[in-house]
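Numbering (the UniProt record's numbering) for the sequence shown: 1 to 151. Only one structure is covered here, and it is reproduced in the block below.
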Amino acid sequence: MYKDMLQADLVKLDCNVSNHVDLFQLIGKELKEKGYVTDQYVEALLEREQQFPTGLKTKFVNIAIPHTDPQVIEKPFIFIVKNSTPLDMLQMGDNSEMTCCYFMFLGIKDPTGQVGLLAKLMEIFSQEAFVQEFVQTTTDLDMYQLVNHYL
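Have a look at this one:
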């Protein structure tokens, strides 16, 4: 079900930006060029992140899962991103400060699927074996294959 949202060209492990706003703009531009989102995507993503932070501290790795309303999504996607340095984010739920290098941008067209997808991601990121491979993976293709295997 979720594997259809993951594409080999939606993995970017070589980002090098200094804050999450720049990252959101960079990813938004690429998603727009590939036909996944509308022009309003980045603005909607930033607004939602401010109201409902998406940072997640797991036992093994910190990750953010930015997502926004379906109105700005043209087709569903999961975009896996790694930044070269940790970026400041706020944690989901309690808004506490955290940093992370890893991001999974979600494009969800059907809002009823959001909870299930978030639950699946939280499940796989709680698995030590998966996270060990995840953080050691260095190529976009290997990352795509790894996450595709676990979804």
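Ideal Cβ positions, reconstructed from N, Cα and C, are used throughout, including at glycine.
Closest Cα partner of residue i within the set the options
| i | options | result |
| --- | --- | --- |
| M5 | T137, M122, E74 and M92 | E74 |
| Q7 | P70, I78 and D94 | I78 |
| S96 | K109, P53, A119 and Q136 | P53 |
| D69 | L146, T112 and M143 | T112 |
| Q114 | K29, K57, H67 and L151 | H67 |
8 angstroms CB neighbourhood of residue i in its chain, flanking five on each side removed
| i | result |
| --- | --- |
| K32 | T38, D39 and Y41 |
| T99 | N62, P86, L87, D88 and M89 |
| T139 | L13 |
| G35 | E74 and K75 |
Beta-carbon spacing of residue i, residue j below 9 angstroms
| i | j | result |
| --- | --- | --- |
| I124 | M92 | no |
| H20 | E49 | yes |
| K120 | F103 | no |
| P76 | G107 | yes |
Close-in-space but distant-in-sequence residues of the same chain around residue i (CB under 7 angstroms, 5 per side omitted)
| i | result |
| --- | --- |
| V72 | V37, T38, Q40, Y41 and A44 |
| N148 | K3 and L6 |
| T137 | M143 and L146 |
| Y150 | I124 and F130 |
Integer-rounded CB distance, given that residue j should sit under 8 angstroms from residue i
| i | j | result |
| --- | --- | --- |
| F60 | V11 | In fact, because the Cβ distance is near 20 angstroms, the residues do not count as touching under 8 angstroms. |
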